[in-house]
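According to this note's numbering, the sequence shown is numbered sequentially starting from 30.
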Amino acid sequence: MKAVERAERPRSGPLDVVVTGLPSDAHTWNLVFIQLLLEDLGHKVVNLGPCVPQDEIVESCCKFEPDLLVVSSVNGHGFNDARPLIEAVRSRWELAGLPSVIGGKLGVGGGDEEQAAELMRAGFDAVFQDGTGIAAFESFVGSLAVTR
Ligand code: B12
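See below:
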């Protein structure tokens, strides 16, 4: 990548971010991709990896006190795994205000708008489905770094 291309990317202050896969999801390179993207934007990442039990995700958020939780879904069970996860996150008073997003493929065949809307109702702050591009995610992260 040329230096001039790197310089044009939006830069913001460092956030502490927890990145995680969902309990049933074995896919890993999606998590590596998100970690590298966030680190390239200047943020600090704890990557919990794939197949993380729900309780471990919640406890890790309590332990690391991140500025942002990023959930990545690929295997087609994202919607089913993510709804109880975000309900468990929001049930903890320490995490009630933790900015939390999910992205990737929410369901079999990708996912749909209704699933995204339901995940927002359940407590996610943003849903970035495949096909919407990574710019919206970068913009969300950038605005968080400015306003926190
Ligand atoms: C490698 C792979 C595997 C490997 C994973 C190995 C590993 N250690 O990672 C193995 C063989 C284990 C595997 C297993 C399965 N897989 Co698989 N796998 C793939 C494959 C070929 C590549 C995935 C990959 O690494 N991509 C590279 C990463 C960087 O890209 P990505 O995962 O697409 O993530 C991008 C986006 O989704 C997005 N994104 C992801 N998360 C987030 C989060 C945020 C916040 C944002 C903004 C964006 C974002 O950004 C990423 C970069 O662009 C894809 C097909 C394909 N060509 O994509 C299928 C695929 C993901 N697998 C699929 C399936 C169905 C399975 C299995 C269920 C198959 C089975 N019947 O056993 C199992 C599930 C196992 C489990 N428990 O999860 C389906 C998912 C279908 C769906 N969701 O609709 C796919 C799409 C294949 C297909 N076309 O059917 N798989």
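Note that CB positions come from ideal geometry on N, CA and C, so glycine has one too.
Let's see if you can read the secondary structure: which residues bound the alpha helix (DSSP H) around residue i?
| i | result |
| --- | --- |
| aspartate 110 | 107-119 |
| alanine 151 | 142-151 |
For residue i, which option in the options has the closest C-alpha, if you only look at C-alpha atoms?
| i | options | result |
| --- | --- | --- |
| valine 46 | Leu127, Cys80, Ser53, Thr57 | Leu127 |
| leucine 77 | Phe157, Val48, Arg121 | Val48 |
| leucine 65 | Val175, Leu173, Glu167, Ser172 | Glu167 |
| leucine 51 | Ala125, Phe62, Val87, Thr161 | Val87 |
| isoleucine 115 | Glu85, Leu44, Pro79, Asp141 | Glu85 |
| histidine 106 | Leu173, Gly138, Gly152 | Gly138 |
| glutamine 158 | Ser172, Ala151, Glu143, Gly152 | Glu143 |
| valine 170 | Glu123, Pro95, Ala125, Ala151 | Pro95 |
Let me know the secondary structure DSSP gives residue i once reduced to three states.
| i | result |
| --- | --- |
| glycine 71 | coil |
| glycine 171 | helix |
| aspartate 159 | coil |
| glycine 59 | Correcting the residue identity first, residue 59 is asparagine in this sequence and not glycine. Note: asparagine 59 maps to helix in three-state DSSP. |
| leucine 97 | strand |
| aspartate 84 | helix |
| serine 53 | coil |
For the beta strand (DSSP E) that residue i lies in, which residues bound it at each end?
| i | result |
| --- | --- |
| valine 130 | 129-133 |
| aspartate 45 | 45-50 |
(message) So, does the region 95-108 touch the region 116-136, judging by three or more C-beta pairs under 8 Å?
(response) yes
(request) Mind the definition here: the region 58-74 touches the region 145-158 only if three or more C-beta pairs lie below 8 Å; say whether that holds. (result) no
(request) Inspect the CB distances between the region 109-123 and the region 56-65 and report whether three or more fall short of 8 Å. (result) no
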